[in-house]
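Peer 1: Residue 28 in my numbering sits at position 28 of the sequence shown; the count goes up by one each step and never skips. The beta-carbon is built from N, C-alpha and C at its ideal position, and this holds for glycine as well.
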Amino acid sequence: MYTTAWTGRSSAATTERRRPELVWVGDGGWVACDPAVDAHDPGRVLAYLECKDGVVYVMCVTVRPEVIEFPTLRTALDALDAILVGGVRQSG
């Protein structure tokens, strides 16, 4: 069973999209970054993703330090997009 704890979207989130940037780190691993934050700011990191055995494991570093499982990379990115647009992530 997949847990999708961050999928609740605000009304603003349904009209606006701000996809996180993915940086490949090798062997099915990715770092999701906030595109609105400077590339040299370590605060731009949103989450670590690992694609393994048909599951995408995501550890979000901006909400809760827990691993959430998603069935696809697209659904994981949708959840991270909700964090960016929904105001959980404060950039600046």
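Use the C-beta contact count for Asp-34: other C-beta atoms within 10 angstroms, 16 or more gives buried, fewer gives exposed.
Peer 2: On the sequence shown, residue 34 is found 34 positions in, with the first residue counted as 1. Buried: at least 16 other Cβ atoms inside 10 Å.
Peer 1: Measuring only the C-alpha atoms, how far is Leu-80 from Pro-20?
Peer 2: If you number the sequence shown from 1, residue 80 lands on position 80. If you number the sequence shown from 1, residue 20 lands on position 20. Rounded to the nearest angstrom, the two C-alpha atoms are 7 Å apart.
Peer 1: How long is the line joining the alpha carbons of Thr-75 and Val-37, rounded to whole angstroms?
Peer 2: Residue 75 sits at position 75 when you count from the first residue of the sequence shown. Residue 37 sits at position 37 when you count from the first residue of the sequence shown. Cα to Cα, the separation comes out at about 23 Å.
Peer 1: Can you list, in chain order, the residues of its chain whose CB lies under 7 Å from that of Leu-77, leaving out five sequence neighbours each side?
Peer 2: Taking the sequence shown and counting its residues from 1, one reaches residue 77 at position 77. Only Arg-19 and Pro-20 meet the Cβ criterion.
Peer 1: Taking the C-alpha atoms as reference points, what is the distance between Trp-30 and Leu-22?
Peer 2: Within the sequence shown, residue 30 is the residue found at index 30, counting from 1. Within the sequence shown, residue 22 is the residue found at index 22, counting from 1. Approximately 6 Å between the Cα atoms of the pair.
Peer 1: Could you check what DSSP says for Ala-47 in three-state terms: helix, strand or coil?
Peer 2: Reading the sequence shown from its first residue, position 47 is the one you call residue 47. Looking at Ala-47 - three-state DSSP - the assignment turns out to be strand.
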